[in-house]
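Participant: Using my numbering, you'd call the opening residue of the first sequence number 440 and step up by one each time. Quick one: this structure, given as structure tokens, is what I'll be asking you about.
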Amino acid sequence: MAMQHRAPRGTADILPSDQKYWRYIEGKARDLSRRFGYSRLDTPVFEDSGLFVRSVGEGTDIVEKEMYTFLDRGGDSNTLRPEGTAPVCRAYLEHGMQNLPQPVRMYYFCPVFRYERPQAGRYREHHQFGVEALGVGDPSVDAEVVELAWSLVSSLGLADTSLMVNSIGDRECRPAYIDKLKEHYTRSKGQLCRDCLDRLDRNPLRLLDCKQASCQGLGMEAPRSVDHLCEGCQDHWDSFQRYLDTMGLPYRIDHHLVRGLDYYTRTVFEIQPKEEGGQSTILGGGRYDGLIEQIGGKPTPGIGFATGMERLVLNLKRQEVPVPDEPSPDYMVISAGDGARDAALDLAARMRRSGAGAILSTAGRALRGQLRQANALGVRYALILGDDEISRGEVTVRDMSSSEQEAVSVDSFLEKLDEGR
RNA sequence: GUGAGCGUAGCCAAGGGGUCCAAGGCGCCUGACUGUGGCUCAGGAGAUCGUGGGUUCGAAUCCCACCGCUCACCCCA
Numbered sequence: 440m441a442m443q444h445r446a447p448r449g450t451a452d453i454l455p456s457d458q459k460y461w462r463y464i465e466g467k468a469r470d471l472s473r474r475f476g477y478s479r480l481d482t483p484v485f486e487d488s489g490l491f492v493r494s495v496g497e498g499t500d501i502v503e504k505e506m507y508t509f510l511d512r513g514g515d516s517n518t519l520r521p522e523g524t525a526p527v528c529r530a531y532l533e534h535g536m537q538n539l540p541q542p543v544r545m546y547y548f549c550p551v552f553r554y555e556r557p558q559a560g561r562y563r564e565h566h567q568f569g570v571e572a573l574g575v576g577d578p579s580v581d582a583e584v585v586e587l588a589w590s591l592v593s594s595l596g597l598a599d600t601s602l603m604v605n606s607i608g609d610r611e612c613r614p615a616y617i618d619k620l621k622e623h624y625t626r627s628k629g630q631l632c633r634d635c636l637d638r639l640d641r642n643p644l645r646l647l648d649c650k651q652a653s654c655q656g657l658g659m660e661a662p663r664s665v666d667h668l669c670e671g672c673q674d675h676w677d678s679f680q681r682y683l684d685t686m687g688l689p690y691r692i693d694h695h696l697v698r699g700l701d702y703y704t705r706t707v708f709e710i711q712p713k714e715e716g717g718q719s720t721i722l723g724g725g726r727y728d729g730l731i732e733q734i735g736g737k738p739t740p741g742i743g744f745a746t747g748m749e750r751l752v753l754n755l756k757r758q759e760v761p762v763p764d765e766p767s768p769d770y771m772v773i774s775a776g777d778g779a780r781d782a783a784l785d786l787a788a789r790m791r792r793s794g795a796g797a798i799l800s801t802a803g804r805a806l807r808g809q810l811r812q813a814n815a816l817g818v819r820y821a822l823i824l825g826d827d828e829i830s831r832g833e834v835t836v837r838d839m840s841s842s843e844q845e846a847v848s849v850d851s852f853l854e855k856l857d858e859g860r
């Protein structure tokens, strides 16, 4: 279609017909967050570019080629938020939340921006719901966050999802592990795909989740991060699993699970649907004990996760999960004849003032057409006003499903509306 | 950034050089003795056939370029 303007590549309008999915997810996420003691935090759509460079990591794809960065008129470099965690940590520091009872539990809904080639489940602007628990490093917090994540996905009614967890160690033990990993892959360099040759020095952890058959073979025999944890990480990992067991969460350990952002430490986890699609992960998170320090705070532990709203919607639709419709008004006010237009406007206005929902039918259409409209919009009652009704101070209330109708006085109709609430 | 597929009305879609100033369906609007919907019937509006160039007497149909969309890789929610 040749159009002057269309939504930019990788962005999308969320149409009225799709809103029910979004409101459904938001409702569940908000309720759960509250139940777990999380409070909402909103941060700006853009931040100082340095925040993301320092937190997400200089060598990551996000920072290297995916950020929407612009200079403002004052010459400052700003970046449209490419992820949600760093801004939350920034806000934690900026507002002295270290002085609140720890951990500080917060959640957010926000758009995030990454300049990538769009495909199924991946967009340049997408929306995330996420939670963060800051200030406490105890593994029980990890377990709590994972439970929240799992509860969310289950409460949405998504079936056949799996919860994968892993520990990737911390600054103390990870470097040694990565050396082992490199060693392992270097020995069989010849079998590596081109991308993996690249990963070997850029991001060795990612070698583990390469999808190429030859690399996967190597991955099977690769050293596991959980076998190379330092004492602290080992204890953390053991307790974390025990807590998950205690809560009966159906997790699986995935030794190849790593996350793409530099700031992750120890616990990492993901939830994915069973069907293997390209962009399948619907939720991902982990611990980031070094992040706050990286952006200028005192060493402060933290853990959280984010979900992709678009991916959740995609899966809700795919699985045909029944999602409640958005409520719409019960009444449409119809005027038979032009003379009744004023009375119709007046009735609709009075109904709305008393809190009821009333749609005005389109002026100038025949009664038939107006009823057709009422039918198409699915309202419960049509309120018909014509000369007859007006002269008697009445309105004809037609039940659209039973086709029964009766004339009642406008006053008593409005009174009943009031009583109804 | 790389690779593949696709672009005909709001949506689905036929047509693959002349009979196409483009079929059909959904949706939308109107009407069926001028106050009554959902079914049916009739009518109507809506398309620079993605854009530009080329081949040809003639192009929605063939060729080229560009743009856009989709999917996959990379990476991630």
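Note that the Cβ used here is the ideal one computed from N, Cα and C, for glycine as well. Computed from a predicted structure; not experimentally measured.
1) Whose CA, out of C528, I453 and G466, lies closest to the CA of D481?
2) Considering just the uninterrupted stretch of the beta strand (DSSP E) at E571, what are its terminal residues?
3) Shortest alpha-carbon distance to R561 belongs to which of P740, G449 and V707?
4) Rounded to whole angstroms, what's the CA-CA distance from Y770 to G825? Just pull it up for me.
5) For D781, which three-state DSSP category applies?
6) Which one or two residues does DSSP pair with A797 in a beta bridge?
7) Rounded to the nearest angstrom, what separates M603 and V580 at their Cα positions?
8) What does DSSP give as the partner residues of P550 in its beta bridges?
9) Where are the alpha helix (DSSP H) runs, 4 residues long or more, that stay fully inside the region 492-555, in chain order?
10) Leaving out five residues on either side along the sequence, give the residues of the same chain with a beta carbon under 7 Å from the beta carbon of E765.
11) Need the endpoints of the alpha helix (DSSP H) that L620 sits in, please.
12) How close, in whole Å, do the beta carbons of T499 and D701 come, if the pair is a contact with beta carbons under 8 Å?
13) Between which two residues does the beta strand (DSSP E) carrying M603 extend?
14) Assign F509 to buried or exposed, taking buried as 16 or more other Cβ atoms, counted over all protein chains shown, within 10 Å of its Cβ.
15) With a CB to CB cut of under 7 Å and the five nearest residues on each side skipped, what residues in its chain are close to L751?
16) If D609 and R705 are in contact, beta carbons under 8 Å, what's the gap, nearest whole angstrom?
17) With R405 and Y547 assumed to form a contact (beta carbons below 8 Å), what rounded beta-carbon distance in angstroms separates them?
18) Less than 7 Å separating the beta-carbons of A582 and Y690?
19) Could you give the first and the last residue of the continuous beta strand (DSSP E) run that contains L696?
20) Return yes when the Cβ of F744 is within less than 7 Å of the Cβ of A588, no when it is not.
21) Please list the terminal residues of the continuous beta strand (DSSP E) segment that includes P712.
22) With respect to the alpha helix (DSSP H) encompassing Y460, which residues constitute its N-terminal and C-terminal limits?
Facilitator: Here's the rundown:
1) By one-based count along the first sequence, residue 481 stands at place 42. When each option's Cα is compared against that of D481, the closest is C528.
2) As a first step, residue 571 must be located in the first sequence, where it is residue number 132. Unbroken beta strand (DSSP E) run through E571: E564 to L573.
3) Along the first sequence, read from residue 1 onward, the residue named residue 561 stands at position 122. Comparing Cα-Cα distances from R561 to each of P740, G449 and V707, the minimum goes to G449.
4) Here residue 770 refers to the residue found at position 331 when the first sequence is read from its first residue. Here residue 825 refers to the residue found at position 386 when the first sequence is read from its first residue. Looking at the two C-alpha atoms, the distance is approximately 16 Å.
5) Within the first sequence, numbered from 1, the residue matching residue 781 stands at position 342. D781 falls in the helix class under three-state DSSP.
6) Along the first sequence, one-based indexing puts residue 797 at 358. Answer by DSSP bridge pairing, in chain order: Y770.
7) Stepping through the first sequence from its first residue, residue 603 is reached at position 164. Stepping through the first sequence from its first residue, residue 580 is reached at position 141. If I take the Cα positions, the gap works out to 17 Å.
8) Indexing the first sequence from 1 puts residue 550 at position 111. H566, per the DSSP bridge assignment.
9) Fully enclosed alpha helix (DSSP H) runs of 4 or longer: 524-533.
10) Here residue 765 refers to the residue found at position 326 when the first sequence is read from its first residue. Closer than 7 Å at the Cβ level, and outside the excluded window around E765, lie Q458, K459 and R462.
11) Translated into the one-based positions of the first sequence, residue 620 becomes position 181. Counting along the chain, the unbroken alpha helix (DSSP H) around L620 starts and ends at R613 to R626.
12) The sequence position of residue 499 within the first sequence is 60, counting from 1. The sequence position of residue 701 within the first sequence is 262, counting from 1. Their Cβ separation, rounded to whole angstroms, is 6 Å, which keeps T499 and D701 in contact under 8 Å.
13) By one-based count along the first sequence, residue 603 stands at place 164. That run of the beta strand (DSSP E) goes T600 to S606.
14) Counted from its first residue, the first sequence places residue 509 at position 70. When all chains shown are included, F509 counts as exposed.
15) The residue you call residue 751 lines up with position 312 of the first sequence. Here the set comprises I464, L595 and I721.
16) For the purposes of this step, residue 609 is taken as the residue at position 170 of the first sequence. For the purposes of this step, residue 705 is taken as the residue at position 266 of the first sequence. Right, their Cβ atoms sit about 6 Å apart.
17) Missing from the structure shown is residue 405; the chain here goes from 440 to 860 and no further.
18) Within the first sequence, residue 582 is the residue found at index 143, counting from 1. Within the first sequence, residue 690 is the residue found at index 251, counting from 1. No, they are not a contact pair.
19) For the purposes of this step, residue 696 is taken as the residue at position 257 of the first sequence. Where L696 is concerned, there is no enclosing beta strand (DSSP E), given that its DSSP letter is neither H nor E.
20) As a first step, residue 588 must be located in the first sequence, where it is residue number 149. As a first step, residue 744 must be located in the first sequence, where it is residue number 305. It is a contact, given that the beta carbons lie within the stated cut-off.
21) Mapped onto the first sequence, residue 712 falls at position 273. Its beta strand (DSSP E) spans residues T704 to P712.
22) The sequence position of residue 460 within the first sequence is 21, counting from 1. Boundaries of the alpha helix (DSSP H) around Y460: Q458 to R474.
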